[in-house]
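Going by our numbering, 144 is the number at position 136 of the sequence shown; the sequence numbering is gapless. The beta-carbon is built from N, C-alpha and C at its ideal position, and this holds for glycine as well. Since we're looking at a predicted model, the values are computed, not measured.
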Amino acid sequence: TIPYKQAVMDQLDTLAPEALRARAVNTIVKDGGRLGGYNTDIPAIRGAIEELGVEPASINAVILGAGGAARAAAVAMEGAHITFVARHPDDADVPGEVVRWDDPSVATLTRSSDLLVNATPLGRREEMPLRPAALPREGAVLDLVYVSGGTPLVRKARALGLKAVDGWEVLLAQGAISFLLWTGRSAPLAAMRETLQP
């Protein structure tokens, strides 16, 4: 859905409250002649954070990126103190402090974070969004990118003994929520998981 998560919003008749908060839509539902926009990434990200055993309230989180996925992650982490790392901080429209990607403080922020979220496309082509030394010392890692075999970020985090979840779980969960919105029925999770096996 990159880069249309925000652009499509003006074309819709209604927007779910969380889609409004994230200013991003990834699921459109037709109801009669009206189109409604939803953001199923938010509850899917919440589920991934729960899987990591992290309680968002009062944690220090760092989100790499400042687009629709980053805003969805921020909404999913209500109560957390969030710092965003962005290439263009002046253009970032996010609910929190924004630090430029090349700022020397980024490594200190990420190392001391309770949760590091990669909401950039970095990792699709085997690149690391950060140097391994910048990974959290004791925190958890959520990478919204999904590639077969896991992203370099998730593999490195796990090798260092950190709890880490990749984008496959988020993709599966948001797909199941979208299926429910479209059909009114629970998604066949086992079949979906088998099909998505990375």
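Put simply, of VAL93, ALA127, VAL125 the residue whose alpha carbon is nearest the alpha carbon of PRO112 is VAL93.
In the DSSP assignment, TYR154 falls outside any alpha helix (DSSP H), carrying neither H nor E. Cβ neighbours of GLY87 within its own chain (closer than 7 Å, five residues either side excluded): PRO64, ALA65, SER66.
Among the bridge pairs identified by DSSP, ALA198 is matched with none.
Taking a 10 Å sphere around the C-beta of LYS38, we find fewer than 16 other C-beta atoms and assign the residue as exposed. Checking the DSSP bridge columns, you'll see ALA69 partnered with ILE90, LEU123. Contact between the stretch 93-112 and the stretch 39-59 is absent: fewer than 3 CB-CB pairs across the two stretches fall below 8 Å. Relative to the Cα of GLY76, the nearest Cα in the group TYR46, PRO51, ALA32 belongs to ALA32. Inclusion of LEU204 and TRP176 in the CB contact set at 8 Å is warranted, their separation being smaller than that value.
Annotation for GLY55: the continuous alpha helix (DSSP H) segment containing it runs 49-59. Per DSSP, LEU180 is one residue of the alpha helix (DSSP H) stretching across 175-191. Nearest in C-alpha terms to PRO129, of all of PRO160, GLY147, THR91, is PRO160.
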